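**Student:** Sharing a structure with you now.
There are 2 protein chains.
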Amino acid sequence: MSDSPWKSSTDRRSEREEKRIAVLRTAARAFNDVGYYNTSLDDIARRLNVTKPTLYYYIKNKEEILFECVRIGLERLESASSEVIGHGGSAYDELVAVMTAYVGVVTMEFGMCVIRVGEEPLTEESRRTLRALKRRIDLKFRSLIERGIAEGSIAACDPKIAAFTLAGALSWVARWYQPDGPQTADAIARHSVDLLLNGLRPRG
Amino acid sequence: MSDSPWKSSTDRRSEREEKRIAVLRTAARAFNDVGYYNTSLDDIARRLNVTKPTLYYYIKNKEEILFECVRIGLERLESASSEVIGHGGSAYDELVAVMTAYVGVVTMEFGMCVIRVGEEPLTEESRRTLRALKRRIDLKFRSLIERGIAEGSIAACDPKIAAFTLAGALSWVARWYQPDGPQTADAIARHSVDLLLNGLRPRG
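Protein sequence lines correspond, in order, to chains A and V.
Mapping the first sequence onto our numbering, position 168 (from 1) lands on 168, and the numbers just tick up by one.
In short: position in the second sequence from 1, add 1000, done, that's our numbering.
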């Protein structure tokens, strides 16, 4: 702590980072609402009550904003799974936790942007980076399913198609979820995960 | 039948319609491969070995092409369900048939275009028309699920969330399916539908 009225360089850095995230979050919301191509930097500046030159202090261009939004979304999807995997539970229990956390992320700005916009508008190099992140998430789902089948906690199935089927069902929530709609993200996650665990066919 | 070397107006109309569909199909493939915004009318003309002015004989502009691709895709999704519903089977059996047919459609050009591109690039009026078609498909899923729960052929669940979960899982196939990949669309449909029917949790 210092008595100086000037901010320390550490404070300035963290303040800048905080504002940068606010820019990205506002942009992600705009992209999710009206689409990437229908959103201009002017629109983003207007939503933040700043001028376009102010934006350039935090970001280079619209492509960089989208790249960062999708990258952060994918990292949150990945850490949502890393946090629950390897704590000694059954693969089934871990998969339930990962699936539930996944819905939580895709119903927030950055995760939603991964699904609603994705990497298509970006350069091949950016797309490659983001696809590598996606692949890591897919492999986590797949290896959990494989482990579950081996230990008997998950029914026999094709792990690759099962991983895509689960990710598809859960990702799709980002397409239709409305933050001010009648159902909370938690309730949607519960119902959707339950269906994927138990299936449409009545038990017993 | 006529001996005239000139085509009848009926023949000319059907030939024109056939070529128009070829234009739309080629465009849908390009949109699915590299994205709507990365595809120009010149690209489409090149893929068809025709000039851009030739394209204008069949379509007005790129927006009209996308509208038609998505409209045809949605109509095929809807007729895939209409064909199997109401033939006296259980709601469960009908839902299995609808889900399987759904994967068949989203792995073809027009159905794939519904999922990979969608209506976002279009005008509000076009989007409204296409959303109304989507809603009809969603309501079919939902009413089948409701009927199945009532008759006991489908496990108790939230019909709205279940309909979105199924549609999401099956639509997602369009995102990752590769026509020249190792698994056929039929095999993917079988595995994916089976998982949704039986769930991840082992039976018995």
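Built from N, CA and C at the ideal position, the CB exists for glycine as well.
If you're wondering where the values come from, they're calculated on a predicted model, not measured in any experiment.
1. Taking Cβ-Cβ distances below 7 Å as the criterion, which residues of the region 1154 to 1165 of chain V are in contact with chain A?
2. Could you tell me whether any Cβ in chain V is nearer than 9 Å to the Cβ of A/His191?
3. Does DSSP classify A/Met107 as helix, strand or coil?
4. What residues in its chain sit with their C-beta under 8 Å from that of A/Ala167, if we drop five residues either side in the sequence?
5. So what does DSSP say about V/Thr1015, is it helix, strand or coil?
6. Could you confirm whether any beta carbon from chain A is found closer than 9 Å to the beta carbon of V/Glu1078?
7. What do you reckon, are the CB atoms on A/Val173 and A/Cys113 nearer than 9 Å?
8. Could you tell me the distance, in whole angstroms, from the CA atom of V/Ala1027 to the CA atom of V/Ser1082?
9. So, A/Phe31 versus A/Val117, is the Cβ gap smaller than 9 Å?
10. In angstroms, rounded to a whole number, what distance separates the CA positions of V/Ser1143 and V/Gly1088?
11. Using only alpha-carbon positions, find the residue among A/Trp6, A/Ala132, A/Ala91 that is nearest to A/Glu78.
12. What's the C-alpha gap between A/Leu122 and V/Ala1091?
13. For chain A, is any of its Cβ atoms less than 9 Å away from the one on V/Gln1178?
14. At least one CB of chain V closer than 9 Å to the CB of A/Pro5: is that the case?
15. Is DSSP giving A/Trp6 helix, strand or coil here?
16. Once DSSP output is grouped into helix, strand and coil, what is the label at A/Pro182?
17. For A/Arg76, which residues in the same chain have their Cβ closer than 7 Å to its Cβ, ignoring the five residues on either side in sequence?
18. Using DSSP with H/G/I as helix, E/B as strand and the rest coil, what is A/Asp158?
19. Straight-line CA distance for A/Lys60 to V/Ala1187?
20. What residues in its chain sit with their C-beta under 6 Å from that of V/Arg1025, if we drop five residues either side in the sequence?
21. Less than 9 Å between the beta carbons of A/Ser192 and A/Leu170, yes or no?
22. What does V/Arg1029 touch in chain A if you count any residue whose Cβ is under 7 Å from its own?
23. Is it right to say V/Asp1003 is buried, meaning 16 or more other beta carbons lie within 10 angstroms of its own, or is it exposed?
24. Buried or exposed: A/Thr165, going by 16 or more other Cβ atoms within 10 Å of its Cβ?
25. Measuring CA to CA, which of V/Arg1135, V/Arg1175, V/Ile1115 is closest to V/Lys1160?
26. Output the distance between the C-alpha atoms of A/Asp93 and A/Thr100, rounded to the nearest integer angstrom.
27. Given a cut-off of 9 Å, decide if A/Leu197 and V/Leu1196 are closer than it, judged by their beta-carbon atoms.
28. Could you spell out the range, first to last residue, of the alpha helix (DSSP H) harbouring V/Arg1046?
29. Run through DSSP, which three-state label would V/Ser1143 get?
30. Give me the Cβ distance between V/Ile1145 and V/Ala1163, rounded to the nearest whole Å; I'm assuming they're in contact under 8 Å.
31. Assign A/Asp194 to one of two classes, buried (16 or more other C-beta atoms within 10 Å of its C-beta) or exposed (fewer than that).
**Tutor:** In terms of the structure at hand:
1. Ile1154, Ala1155, Cys1157, Asp1158, Ile1161, Ala1162, Phe1164, Thr1165
2. yes
3. Here residue 107 of chain A turns out to be Thr, not Met, going by the sequence shown. Of the three classes helix, strand and coil, the one that applies to A/Thr107 here is coil, per DSSP.
4. Tyr102, Ile137, Asp138, Phe141
5. According to the sequence provided, residue 1015 of chain V is Glu. The question's Thr does not apply to it. Helix.
6. no
7. no
8. 27 Å
9. yes
10. 15 Å
11. A/Ala132
12. 44 Å
13. no
14. no
15. coil
16. coil
17. Val105, Phe110, Gly111
18. coil
19. 45 Å
20. Glu1109
21. yes
22. None at all; the shortest Cβ gap to chain A is about 16 Å.
23. exposed
24. buried
25. V/Arg1135
26. 11 Å
27. no
28. 1041 to 1048
29. helix
30. 6 Å
31. buried
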